[in-house]
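Each remark here refers to the structure printed beneath this line.
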Amino acid sequence: MSRKLEPDAVGSILAELQKDANGLESLVRDILDDAIAEIQRTVKVIETTTHEIKVDTTHLVTNMTTLMSQSSKSIAATHQFRDDLVQLNARLEHDATEKELRAKIKAAHQRQMPLWQQKLEEPEKGKHSIKLVLKEVLT
Numbered sequence: 088m089s090r091k092l093e094p095d096a097v098g099s100i101l102a103e104l105q106k107d108a109n110g111l112e113s114l115v116r117d118i119l120d121d122a123i124a125e126i127q128r129t130v131k132v133i134e135t136t137t138h139e140i141k142v143d144t145t146h147l148v149t150n151m152t153t154l155m156s157q158s159s160k161s162i163a164a165t166h167q168f169r170d171d172l173v174q175l176n177a178r179l180e181h182d183a184t185e186k187e188l189r190a191k192i193k194a195a196h197q198r199q200m201p202l203w204q205q206k207l208e209e210p211e212k213g214k215h216s217i218k219l220v221l222k223e224v225l226t
């Protein structure tokens, strides 16, 4: 047995359903609007973060390039410094050897010189008169 509804009851039920549907639609719109707003904020944060990462990466690459250039210059300067030290060491060894040779030559030469000539060539005694030198040599 089916029950018949009064037209006013059907209209009232339809009005109630329409009201519930409108409320549900409004609720869904609010939820969607909130979700869209949250997604937009998230996208904005991602865009900002991505931009900051790009800027930081650019600075990092620039700093690394500068550091590599400075490192290369420092390495080159270190190699040049080492080469200069090697040359200086060789020059010092040569100068020391040259001084030793000059001293040996001078000593050998003085051994061959007459005594009076040695006395005249000695710097601290080079101011003596020839008479004093001869007197010293002869005694």
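With the numbering used here applied, the sequence shown corresponds to residues 88 to 226, in that order.
Beta carbons: idealized from backbone N, C-alpha and C, even for Gly.
On a predicted model such as this, the values are computed, not experimentally measured, just so you know.
{"query": "Taking the runs of the beta strand (DSSP E) that are 3 residues or longer, which of them lie wholly in the stretch 123–204?", "result": "none"}
{"query": "Roughly how many angstroms separate the alpha carbons of L172 and R189, rounded to a whole number?", "result": "25 Å"}
{"query": "Tell me whether S99 is buried or exposed, calling it buried when 16 or more other Cβ atoms sit within 10 Å of its Cβ.", "result": "exposed"}
{"query": "Measuring only the C-alpha atoms, how far is A164 from V142?", "result": "32 Å"}
{"query": "In whole angstroms, what is the alpha-carbon distance linking I140 and V132?", "result": "12 Å"}
{"query": "Any idea what DSSP makes of K91, helix, strand or coil?", "result": "coil"}
{"query": "Straight-line CA distance for T149 to L119?", "result": "44 Å"}
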